[in-house]
Amino acid sequence: SQTIHQWPATLVQPVGSPLSLECTVEGTSNPNLYWYRQAAGRGLQLLFYSVGIGQISSEVPQNLSASRPQDRQFILSSKKLLLSDSGFYLCAWGAFPASSPLHFGNGTRLTVT
Amino acid sequence: TQLLEQSPQFLSIQEGENLTVYCNSSSVFSSLQWYRQEPGEGPVLLVTVVTGGEVKKLKRLTFQFGDARKDSSLHITAAQPGDTGLYLCAGGPTSGTYKYIFGTGTRLKVLA
């Protein structure tokens, strides 16, 4: 069966520090991978998605970047965090066809102080 | 820009009551999915509807996809405290894209 791992679960970082969040998927090949951010009790904002190694589509111009160095690994990064980067970050994977659902990790709660 | 608006945003009801959550858009989607999310966890899929006019039932939950594939509703019969959570609709990718667009969310609290 397929599983998705996301870490760390919580993170407190000072303003101006770097960020690296990692997501890995097991049990499937060539998944579509997604990073979403969620404000408290609200919907999900799509940040990045990837349909293959090295292929990154950015949805929201901001202080973040994403990379996919391996088929089942997706990384969210920042060189210098801002207060506004605080939030709940969720990684997800999906498969073809397009009607297939997304499968989410348990998220990372990021607090920038 | 594709948007999905959910209503109501918040809902607090007594156990045993019925409720309906709406998910509306001006865009057409290939599919419409409903998820439920608990605090501190990722969303979990409840159902996917694909065909315009489709109705799916999952125990006390009934999901409907609009004829034009632009809107959907979730109806819960005889709500229970275990139904408490954040309900999210999501539009599946349209031709040529891979983006899933999520709704604004409905936070449901069912009081015992």
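Sequence order for the protein chains is A and B. The opening residue of the first sequence carries number 346 in the working numbering; numbering runs sequentially from there. The opening residue of the second sequence carries number 22 in the working numbering; numbering runs sequentially from there. Quick reminder that beta carbons are idealized off the backbone N, C-alpha and C, glycines included.
Pairing THR373 of chain A with GLN390 of chain A, the inter-Cα distance amounts to about 25 Å. When secondary structure is reduced to three states using DSSP, LEU447 of chain A falls in the coil class, being assigned neither helix nor strand. Here DSSP, grouped into helix, strand and coil, assigns LEU109 of chain B to strand.
A Cβ-Cβ distance of about 6 Å is found for the pair GLN58 of chain B and GLY106 of chain B, placing them in contact under the 8 Å criterion. Spanning the alpha carbons of VAL131 of chain B and LYS78 of chain B requires a straight line of approximately 20 Å. Against chain B, the CB of LEU391 of chain A has a partner CB under 8 Å away; the residue lies at that interface.
The Cβ neighbour count for PHE393 of chain A, taken over all protein chains shown within 10 Å, is at least 16; the residue is labelled buried. PRO102 of chain B counts as exposed, since fewer than 16 other C-beta atoms from the protein chains shown sit within 10 angstroms of its C-beta. For a Cβ distance threshold of 7 Å, residue set TYR119 of chain B lies close to ASN377 of chain A, ordered along the chain. For ARG387 of chain A, the residues of chain B that pass the 8 Å Cβ criterion are THR125 and GLY126, in the order they occur in the chain. Chain order gives the chain B residues near VAL396 of chain A as TYR119, where near means a beta carbon separation below 8 Å. The beta-carbon distance between GLY386 of chain A and GLY124 of chain B, rounded to whole angstroms, is 13 Å. This is too long to meet the 8 Å contact definition.
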